[in-house]
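Q:
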Ligand code: HEC
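Residue numbers (the numbering used here): 47 to 160.
1. When the Cα of residue 151 is compared with those of 92, 109 and 127, which residue comes out closest?
2. Let me know if residue 136 comes out buried or exposed under the rule of 16 or more other beta-carbons within 10 Å of its beta-carbon.
3. Are the CB atoms of residue 98 and residue 104 within a distance shorter than 8 angstroms?
4. Between which two residues does the alpha helix (DSSP H) carrying residue 227 extend?
5. CB of residue 104 to nearest heavy atom of the ligand HEC: below 7 angstroms?
6. Considering only the alpha carbon of each residue, which of 119, 141, 154 and 110 lies closest to residue 133?
7. For the alpha helix (DSSP H) containing residue 126, list its first residue and its last residue.
8. Which same chain residues, not among the five before or five after residue 88, have their C-beta less than 6 angstroms away from its C-beta?
9. Can you tell me where the alpha helix (DSSP H) with residue 113 in it begins and where it stops?
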């Protein structure tokens, strides 16, 4: 899916702010980003996109908070996905640890830019 140009611009500024450590991690993150997006939109059952708005995934769900506005920390996302929150189901046992980490990285990086 083509990303809007504004997203790319924000991503680049975010990377510059975060400095060298993040740049070294880039090759690993590229793969995680694709997997994370797939988990968000399709692989999770039910997919996160059904309930959450997240521009980077083209998701417009309204059951849960908009992740673009919430800008959750990485550990907040991991906790929510592993244990569930309110009506949000827990995904432990449904997603692999790799998938859980990938979706957390994807959500975190696409909302906070760091
Ligand atoms: C059935 C709907 C539903 C699905 C599917 C769902 N969520 Fe949620 N999510 C919610 C709701 C509702 C809340 C708010 C819960 C509350 O605060 O009581 C929430 C909260 C969150 C939060 C914020 C947690 C916090 O600390 O406030 C994050 C992050 C999150 N979801 C990420 C995800 C991710 C990633 C997925 C997919 C793996 C996902 N959600 C799937 C409904 C859903």
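Think of the CB as a built atom: it goes at the ideal place given N, C-alpha and C, for glycine as much as any other residue.
Here the structure is a predicted model, which is why all the values come from computation and not from measurement.
A: Taking the definition as stated:
1. Out of 92, 109 and 127, 127 has the C-alpha closest to the C-alpha of residue 151.
2. Burial call: exposed.
3. No, these two residues do not count as a Cβ contact at 8 angstroms.
4. With the chain covering only 47 through 160, there is no way to say anything about residue 227.
5. Distance from the C-beta of residue 104 to the nearest heavy atom of the ligand HEC is not below 7 angstroms.
6. The closest CA to that of residue 133, considering only 119, 141, 154 and 110, is found on 110.
7. Start and end: 120-129.
8. Contacts found: none.
9. Note, residue 113: alpha helix (DSSP H), 113-116.
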